[in-house]
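Trainee: 1439 is the number that my numbering gives the last residue of the sequence shown; the numbers go up by one with no jumps.
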Amino acid sequence: MWHTFVRQSDFNNEFDLPPLDDLPRVMPYFFVPPMENKPQNPIMENLKLEKMNTSIPPRRLHPPLLPKELSSWTLEIAHTREQERSPNTVEELWRNANIRRLGVNNGLLSWDRLRHSHYNAASSTPFLSEQGDVVSTSARYYVQPRLYNALDSTTQVTQKDLLLSLKKTVLGLSSQYHVWDPMSERFVQVGTENSDRKGFILIDGKDEVVSGSFIQRFLKIGTLLRRLELFLLSLRTSSVKDGPTVHSLAHALSTTLDFLRDVLTKCPPSEQQIRATSEDFSLLAIWSHYASYENLMDALVELYGRDYNLSPEEYRPLDLSPVPLLSHIYDHMKLHFERQSPTIVRAVLAFLLTLTSQEYLQEVAQSVGFEGQLSQNGSIPGRKSDGLDMDDEEIEPDIFDLLDKIGFSYPSFFPLKVLYILPAAQKSLVLLQVAQPDFFMPFKQTSKSSIRWLWMEDEITAAWNDLPLPANILRPLHFATTPSTLLPFPTIAHNPDLLEFYIFDLEPGGTVSSPSLQVKNDSATVLDTFIKRFPETLPTITPTLPELTSLIFKDLMEHSASLSSSLLSLILNSTGILNFPSHLIILRSFLLVASPAFKSRLLNALFSDAGEYETNDTAHSMSVQSLRRKSGKAPKEGNQPWAVGLSPNLLERETWPPVGADLSFFLRTVIVDSLDTGRETEDGAKREQVVEEAGWRLGFAIRDLPTGPGRDKWLDPLCIALDFLYMDYKPPHPLEILISPDILSKYQRMFTFILRLFRVESALKSLFRMSTHRTTANFLFPTLIQARNLLLHFRFLAQTFVSNLAGYVFDTAIGGNFDPFIEQLSADKAGQSSQDQKLGNTTFSDVFELAQRHSALMDDILSACLLRSGQRGVGDLLRHSMELVLEFTIVVGELHRGRIQEYQAAPLVEELFRKFCTKMRTLTKVLKGLVDKGPSSMKFSLEIHNDGSRRPVGGLEALYHLLIRIDFTDWWSKERKNSREEPSET
């Protein structure tokens, strides 16, 4: 393309360069004329061009001269050398070849006709690719010659030798032409395993592409089979700790490999046919026959992460834990079902899942005692052995530890209903065995003897109609050896129970020749039968795998539901210590202070409503210290301010919080005396067992609370908090699930709040006794009339607020939620028929749902009393309002004792009244905002359900009742201008 110049220059001299003017110009070899500036008409231009081409005279053909050898074989008449080289003669040659008809002779002219073995019969097609093997191969090799590389290893083989070699390679064995490379885990051509040389095998009559394509399928199947064998070896080296699922997987994979070797050995052509036949085989038919097995091998190695295109370093690790392993197999099988893979692929994957999951499903069945199956070691099913002897009476099992050892992860093929019911059933069985060690549930006889996969249509139909299932074709192999075939000495009599062990009485080596004892592995036959019976599609009653799994787990789900219902019925209907409603009544009576007897004794023990400051000049009947006090020694009046509302017995030692044996004995007596008035049975013979044991299950305790700025009010008896004192309850073992430590903590928070409320109520009663008409006129502000009126007004507002709050807490928050819950349990206890229980028409499905409802009940009560952590702001407003009322009573008490003067108490009362009004106004405003933000049902909630049962008032929904009680006429919401109602700061 480029012109060169001929100027001679001395290039050794860097300054001796040709001048630029001497360089020739670079001219283009073609020229495109510019288009004319006029409208274009392509149609007319094409017509003109066609007319011009038709008028041009034909050009003379100048074909290339043929070689001498080809012309001598193709010309029918001998010609001279000059005529052979003549262009006219060559042109005539091709023209005659095109128009002549040779009949039975092949009219194809090619280099291949030079060989004597050329097939001259006429061909039915003119295409080279459709000619014989030798012709098409020669043509392709001539048109597309392979680049020569000295490192390549090319081997020419015949079909017979190659097929004999591939029959070994496809089974994963090294052969004459291919050997196994352990580094890459592939079959490579002989001579290239330890070098970078490439190997090519050419079949006679086939080119490199066809030969490589044909051999590749056999190499791939053999390579994948060998890789699976190596994976099987790694599975067999696993320890016992890995669990039975891994060993089941190894057995299933071993059976699959045995089946593949068997069918691949029988694939045509057999070794005898190859050796006996001298003619060529149809390689396409042979190659196509192995296609299904290649698809199967691809599915298997993809399952185990050993794909053909991966090297050993790139293998994907396989989690051998039971749950992820079974989930992985199922998901892989489900993918091939969705792809509509060949039947053999889906059948083998179903076989692998069935055998691998057999042990795991059996463990799941044992964990709930399905069909009477219990764990062999006698331990509680569903938990791992911890080395503790459960039969030891001194070691009492911890319920929560037992339940925590129950796993909550299940394979992905478990239906959602089973995932919800099965964990509850496993825990229910644990609780039943703890509550009743001799518990036995009459298990229902179902159509299935155990949980197993159903694939055949007759099995699925039988399970759907609750009929006995057909025999399982994948059952474990049993060697049916009758004693008659083993008894060389039939005259010896044996115990019929030991007849199966009669073989051990034979002489050593006596059964070597016995054919009945020869072990025959028929696992491959079982798999072959399974594949042949495997349906093309799932039946219409279970068209998808999720529907099929629901049918498989139907009996297990029903059994689990029955097991959970049994435990629930035991807890609700038991007449002994496990009666849960009785424990709820104890909790409500004592920790929620709903029992009148306990409330009166608790108020007498901890609080006082006396209108005078008591100096404890008389011995208290319940105080050991007062009984030991020496006679004639009068106690001194304390120097501390009067803790209005508290019992003076708590301040005998002048330490706070009060500790010692006196307080413990006093509070212990409160519980015992309250239980003495408990409800007895109808015959009056004895009390219920729950009430009898409540004496040692209930107890008071003192705890240390955090200290610091703003957190040490519990150390001051003048403050409202009695948080250091709490009640504890120890439920029996199975009921720890229903009365857990978390639920008990909610009861204790309510008990602390109730003690605060009792303290303020007692202080207000003391205030009323101090502020009678005579006392007020003589001692409380005798000269300050405005302060006296403010005291009476403040007393009225405080009493209204505290009494309404106490009524709301006990009647609405506690009674409005707890009583409907008790009624609901009573309805489940006596109102459900057997048919309703069978259909699951019960309020609670299991004890764990009952525990959740119990916890939700306490959450609603805490929310109604503004004690939840999310209600800290409005809860502090309520607590501060109560504290201001208590401070008001303490100031009046100090004035009543004469420790301060009226001119000192008046501003204190005014300040407390102003703060109290501000807190109450803010509290009602916040409550009104909470009620307005809530649903409309918070204001207009029906207390009766359609079926006649009471409806709980709820948590936040109950705040409307509190707002109505403390601000029914919007008194606190209105602005007050009367100085008597809300005094100014001046």
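From the three backbone atoms N, C-alpha and C, an ideal C-beta is built for every residue, glycine too.
1. In whole angstroms, what is the alpha-carbon distance linking S591 and T578?
2. Taking its Cβ as the centre, do 16 or more other Cβ atoms sit within 10 Å of V1338, making it buried, or is it exposed?
3. In the DSSP assignment, find the unbroken beta strand (DSSP E) run with L1197 in it and report its ends.
4. Alpha carbon to alpha carbon, what distance is there between L1178 and A878?
5. Per DSSP, which residues does V641 bridge with? Please list them.
6. With distances taken from CA atoms, which of G1328, Y1356, Q1354 is nearest L1376?
7. Does D1181 come out as helix, strand or coil in the three-state DSSP assignment?
8. Looking only at its chain, what residues have a beta carbon closer than 6 Å to the beta carbon of T1422, apart from the 5 residues adjacent to it on each side?
9. Assign I496 to buried or exposed, taking buried as 16 or more other Cβ atoms, counted over all protein chains shown, within 10 Å of its Cβ.
10. Contact between the segment 659 to 678 and the segment 584 to 602: three or more CB pairs below 8 Å?
11. Per DSSP, what kind of secondary structure is S707 in: helix, strand or coil?
12. What do you reckon, are the CB atoms on T978 and W906 nearer than 8 Å?
13. Determine the direct distance from the alpha carbon of A1096 to that of R1209, and round the result to whole angstroms.
14. With DSSP run on the structure shown, which of helix, strand or coil describes L1319?
15. Less than 8 Å separating the beta-carbons of V776 and H789?
16. From A916 to L922, what distance separates their C-alpha atoms?
17. What first and last residue would you give for the beta strand (DSSP E) that runs through T608?
18. Could you tell me whether any non-hydrogen atom of the ligand SAM is closer than 7 Å to the CB of L1220?
19. Between which two residues does the beta strand (DSSP E) carrying L655 extend?
20. Would you report the Cα separation of T796 and L991, rounded to the nearest angstrom?
21. Looking at L1244: is its Cβ nearer than 8 Å to the Cβ of F1254?
22. Does E1336 pass the burial test, meaning 16 or more other C-beta atoms within 10 Å, or should it be called exposed?
23. Under 8 Å by Cβ, that's how I've got Y1182 and L1031 pegged, so tell me the actual separation to the nearest angstrom.
24. Can you say whether D418 is buried or exposed, counting buried as having 16 or more other CB atoms within 10 angstroms of its CB?
25. Please classify M636 as buried or exposed, where buried requires at least 16 other C-beta atoms within 10 Å of its C-beta.
26. Please check the pair M786 and I874, which I expect to be a contact at CB under 8 Å, by giving their CB distance rounded to whole angstroms.
27. Among the candidates L1365, S582, G1326, R759, whose CA atom is the shortest distance from the CA of I1343?
28. Within the same chain, show all residues whose beta-carbon is closer than 7 Å to that of T995, passing over the 5 residues directly before and after it, in chain order.
29. Under the rule that 16 or more other beta-carbon atoms within 10 Å means buried, what is Y630, buried or exposed?
30. Under DSSP, the alpha helix (DSSP H) around L1258 begins and ends at which residues?
31. Do L1103 and L1059 have their CB atoms nearer than 8 Å?
32. By how many angstroms is the C-alpha of L1220 removed from the C-alpha of F1341?
33. To the nearest whole angstrom, what separates the beta carbons of L412 and I1155, a pair I think is in contact under 8 Å?
34. Nearest-angstrom Cα distance between Q726 and Y601?
35. Could you tell me the distance, in whole angstroms, from the CA atom of D1289 to the CA atom of V871?
36. Between which residues of its own chain and L1171 is the CB-CB distance below 7 Å, once the five residues before and five after are set aside?
Mentor: If we stick to the structure as given:
1. Locating residue 591 in the sequence shown gives position 138, counting from the first residue. Locating residue 578 in the sequence shown gives position 125, counting from the first residue. Linking S591 to T578 through their CA atoms gives a straight-line distance of about 17 Å.
2. For the purposes of this step, residue 1338 is taken as residue 885 along the sequence shown, with counting starting at 1. Buried is the call here.
3. The residue labelled residue 1197 in the question sits at position 744 within the sequence shown. No beta strand (DSSP E) holds L1197; the alpha helix (DSSP H) holding it covers 1194 to 1223.
4. As a first step, residue 878 is located in the sequence shown; it is residue number 425 there, counting from the start. As a first step, residue 1178 is located in the sequence shown; it is residue number 725 there, counting from the start. So the two alpha carbons sit approximately 39 Å from each other.
5. The residue labelled residue 641 in the question sits at position 188 within the sequence shown. V641 is bridged to V632.
6. Against the sequence shown, residue 1376 aligns to sequence position 923. Looking only at G1328, Y1356, Q1354, the smallest Cα-Cα distance to L1376 is reached by G1328.
7. On the sequence shown, residue 1181 is found 728 positions in, with the first residue counted as 1. Three-state DSSP puts D1181 in a strand.
8. Here residue 1422 refers to the residue found at position 969 of the sequence shown. Answer for T1422: no residue qualifies.
9. Counted from its first residue, the sequence shown places residue 496 at position 43. It counts as exposed.
10. Yes, the segment 659 to 678 is in contact with the segment 584 to 602.
11. As a working note, residue 707 is residue 254 in the sequence shown. Annotated three-state conformation of S707 is helix, per DSSP.
12. For the purposes of this step, residue 978 is taken as the residue at position 525 of the sequence shown. For the purposes of this step, residue 906 is taken as the residue at position 453 of the sequence shown. At least 8 Å separates the beta-carbon of T978 from that of W906.
13. Locating residue 1209 in the sequence shown gives position 756, where the first residue counts as 1. Locating residue 1096 in the sequence shown gives position 643, where the first residue counts as 1. The straight-line gap separating the alpha-carbon atoms of R1209 and A1096 is approximately 13 Å.
14. For the purposes of this step, residue 1319 is taken as residue 866 along the sequence shown, with counting starting at 1. Of the three classes helix, strand and coil, the one that applies to L1319 here is coil, per DSSP.
15. As a first step, residue 776 is located in the sequence shown; it is residue number 323 there, counting from the start. As a first step, residue 789 is located in the sequence shown; it is residue number 336 there, counting from the start. Contact: no.
16. As a first step, residue 916 is located in the sequence shown; it is residue number 463 there, counting from the start. As a first step, residue 922 is located in the sequence shown; it is residue number 469 there, counting from the start. A916 and L922: Cα-Cα distance of roughly 7 Å.
17. On the sequence shown, residue 608 is found 155 positions in, with the first residue counted as 1. That run of the beta strand (DSSP E) goes 606 to 610.
18. The ligand content of the structure shown is nil, which means the ligand SAM is not present either.
19. Looking up residue 655 in the sequence shown gives position 202. Note, L655: beta strand (DSSP E), 652 to 656.
20. As a first step, residue 796 is located in the sequence shown; it is residue number 343 there, counting from the start. As a first step, residue 991 is located in the sequence shown; it is residue number 538 there, counting from the start. CA-to-CA, the gap between T796 and L991 works out to about 11 Å.
21. One-based indexing of the sequence shown puts residue 1244 at position 791. One-based indexing of the sequence shown puts residue 1254 at position 801. Result no, Cβ atoms of L1244 and F1254 do not sit closer than 8 Å.
22. Within the sequence shown, numbered from 1, the residue matching residue 1336 stands at position 883. It is buried - the Cβ of E1336 has at least 16 other Cβ atoms within 10 Å.
23. Along the sequence shown, one-based indexing puts residue 1182 at 729. Along the sequence shown, one-based indexing puts residue 1031 at 578. Y1182 to L1031, Cβ: 15 Å. No contact.
24. The question about residue 418 has no answer, for the chain in this structure spans 454 to 1439.
25. By 1-based counting over the sequence shown, the position of residue 636 is 183. Counting Cβ neighbours within 10 Å, M636 comes out exposed, since fewer than 16 surround it.
26. By 1-based counting over the sequence shown, the position of residue 786 is 333. By 1-based counting over the sequence shown, the position of residue 874 is 421. Actually they are not in contact, since the Cβ atoms of M786 and I874 sit about 25 Å apart, beyond 8 Å.
27. Within the sequence shown, the letter at position 890 stands for residue 1343. That would be L1365, whose Cα lies nearest to the Cα of I1343.
28. Translated into the one-based positions of the sequence shown, residue 995 becomes position 542. Close CB contacts of T995 within its chain, under the 7 Å cut and outside five residues either way in sequence, are with I913, L1001, L1004 (chain order).
29. On the sequence shown, residue 630 is found 177 positions in, with the first residue counted as 1. Looking at its Cβ environment, which holds 16 or more other Cβ atoms inside 10 Å, Y630 is buried.
30. The count along the sequence shown starts at 1 and reaches residue 1258 at position 805. Membership of L1258 in the alpha helix (DSSP H) is indicated by the continuous run 1238 to 1260.
31. Within the sequence shown, the letter at position 650 stands for residue 1103. Within the sequence shown, the letter at position 606 stands for residue 1059. Taking 8 Å as the Cβ cut-off, L1103 and L1059 qualify as a contacting pair.
32. On the sequence shown, residue 1341 is found 888 positions in, with the first residue counted as 1. On the sequence shown, residue 1220 is found 767 positions in, with the first residue counted as 1. Roughly 9 Å between the two C-alpha positions.
33. Look at the range of the chain in this structure, 454 to 1439, and you will see that residue 412 is not part of it.
34. Translated into the one-based positions of the sequence shown, residue 726 becomes position 273. Translated into the one-based positions of the sequence shown, residue 601 becomes position 148. Answer to the nearest angstrom: the Cα atoms are 37 Å apart.
35. Position 836 of the sequence shown holds residue 1289. Position 418 of the sequence shown holds residue 871. In this predicted model, D1289 has a pLDDT of only 45, less than 50, meaning its place in the structure is not dependable; the value taken from the coordinates is given anyway. Roughly 20 Å between the two C-alpha positions.
36. On the sequence shown, position 718 is the one that residue 1171 refers to. So the list reads P1094, A1096, I1343, once near-sequence residues are dropped.
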